[in-house]
Structure formats: structure tokens, C-alpha cells
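For reference, the structure discussed in these notes is given below.
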Amino acid sequence: MIAAGTVVEVGQLDGEDGALGFVIQRANGEFITVKGLTLDETRAAAALFFQAVTIRLETPP
Numbered sequence: 004m005i006a007a008g009t010v011v012e013v014g015q016l017d018g019e020d021g022a023l024g025f026v027i028q029r030a031n032g033e034f035i036t037v038k039g040l041t042l043d044e045t046r047a048a049a050a051l052f053f054q055a056v057t058i059r060l061e062t063p064p
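This is the structure:
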């Protein structure tokens, strides 16, 4: 499954009795929750979600 959207939560999930995972919100407002991850898996996911990104803006000639 491919889940495109905005990451709204990663780590210990609210209201899930300490479960680790992440939540993605799709453009249509639907939420996708992935839970039951190990601490190492959660850390790896967080590292991918929050990688440094460089944006370059150029003015046309």
C-alpha cells in the first residue's frame, strides 16, 4: 500500500496504550495509522520522515 499524505504523529501514539507507530493524514482528510512497531522501526521511520531537504528557488532569466 502507498500512503501519500502528511505525517501528523510519529512515536508513542496518543490513545493507543503506549503503542509505537505513526499516523499519516491523506489529502481527503482520511487518517492512516500504522502501529505495533518496535522502537528501532519507529526510530528508522522518524529518521526517514524528517530528513533534511534542500529547496532551491531560481529566478528565470
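Quick note: the sequence shown uses the numbering used here, first residue 4, plus one each step.
The beta carbon of each residue, even a glycine, is placed where N, CA and C say it ideally should be.
All figures in this text were calculated on a predicted structure; none of them were measured in a lab.
Counting C-beta neighbours from all protein chains within 10 Å, is the total for residue 34 16 or more, i.e. buried, or is it exposed? Here residue 34 is taken as the residue at index 31 of the sequence shown, counted from 1. Residue 34 is classed as exposed because its beta carbon has fewer than 16 other beta carbons within 10 Å across all chains shown.
Got a sec, what are the start and stop residues for the alpha helix (DSSP H) residue 51 sits in? As a position in the sequence shown, residue 51 is number 48, starting the count at 1. In this chain, the alpha helix (DSSP H) harbouring residue 51 covers 42 to 52.
For residue 23, which three-state DSSP category applies? Residue 23 sits at position 20 when you count from the first residue of the sequence shown. Three-state result, residue 23: strand.
By a C-beta neighbour count over all protein chains shown, 10 Å radius and 16 as the cutoff for buried, is residue 53 buried or exposed? If you number the sequence shown from 1, residue 53 lands on position 50. Under this definition residue 53 is an exposed residue.
Looking only at C-alpha atoms, which of 29, 36 and 28 sits nearest to residue 22? The residue given as residue 22 occupies position 19 in the sequence shown. For residue 22, the nearest C-alpha among the options comes from 36.
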